[in-house]
Amino acid sequence: MASGNTETERKFLVRDSSYKDMATDSHRMVQGYICRETGRTVRVRISGDKGWLTIKGPSSGNGMSRYEWEREIPAGEAAELMALCQKGIIDKTRHIVPFDGHVFEVDEFHGDNEGLVVAEIELQNESEPFGRPEWLGEEVTGDRRYYNSMLTRCPFSVWDTCPPGQDGPGSGD
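Numbering of the sequence shown is given in UniProt numbering, commencing with residue 1 and proceeding in unit increments.
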C-alpha cells in the first residue's frame, strides 16, 4: 500500500510472457468476495498457508487510488469466509517482477478468466514516474472490466455476452 490506508496503483495488459524470466517469485491464489457493491468490496484471499481479509472503498475518478484496509488471517479462517463469498471465484498465479526500482505484480488468470494477464504497479502517488518494461502493454487503469470483482461476475471468457453497466464507476478491485 502507498501511504496510510490509500492504495495507488496502475493496471496494464501484458504483451507477452517474457516477464516470467524476470519474476523473483510466483504463487497461486484464490479469492472471493463477501461484498462487491458499487464503491465497496470485502475480499477474502488464500495463497499457500496464508489468508487475507481486505476491504476497499470507492476508486478515485481516474481509478488510480482508493481506500484499502487489509489484514492477514489464518488460512483456515479465510477458507471458512470463502464459504460466505458471492458466486464467482478468482483463480490466478501472481508473479512478482521487480523493474527499475518498482515491483510489478503480474496476474495470470486461470479458469473462466484463462488467457487474461494483467500487471499492476503500486505507487506512492498518482504522479510518481516509473519505468515501463517491454512486456508492458496497454494501460487499463480505471477500466472496471479488469477489476477482479467484476471478473467474478463477467469472466474474461464471456465478455462478448455480458450486459454493459453491471457495476457503477468506482467499484471493484
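Backbone N, C-alpha and C define an ideal beta-carbon position, used for all residues, glycine too.
Given the structure is predicted, the values throughout are model-derived calculations rather than measurements.
- Look at the stretch 48-104 and you find these whole runs of beta strand (DSSP E), each 3 residues long or longer: 50-59, 65-74 and 90-99.
- Distance between Glu9 and Tyr67, taken at the CA atoms: about 12 Å.
- Around the beta carbon of Leu84, fewer than 16 other beta carbons sit within 10 angstroms, so the residue counts as exposed.
- Two segments are said to touch when three or more pairs of C-beta atoms, one from each, lie closer than 8 Å; by this definition the stretch 40-54 does not touch the stretch 154-164.
- Pro74 and Leu81 have their C-alpha atoms roughly 11 Å apart.
- Thr41 is classed as buried because its beta carbon has at least 16 other beta carbons within 10 Å across all chains shown.
- Counting along the chain, Thr8 sits inside the beta strand (DSSP E) bounded by residues Thr6 to Val14.
- Residue environment: Arg144 is assigned as buried (16 or more neighbouring CB atoms within 10 Å of its CB, all protein chains considered).
- Given a length threshold of 4 residues, each whole run of the alpha helix (DSSP H) inside the stretch 124-162 is given here in chain order: 148-153.
- DSSP, reduced to helix, strand and coil, places Gly32 within a strand of the structure shown.
- According to DSSP, Ala119 shares a beta bridge with Phe12 and Val106.
- In its chain, beyond the 5 residues on either side, Asn62 and Gly63 have a beta carbon closer than 6 Å to the beta carbon of Gly142.
- Listed in chain order, the non-local C-beta contacts of Asp16 below 6 Å within the same chain comprise Trp135, local neighbours out to five positions each way being set aside.
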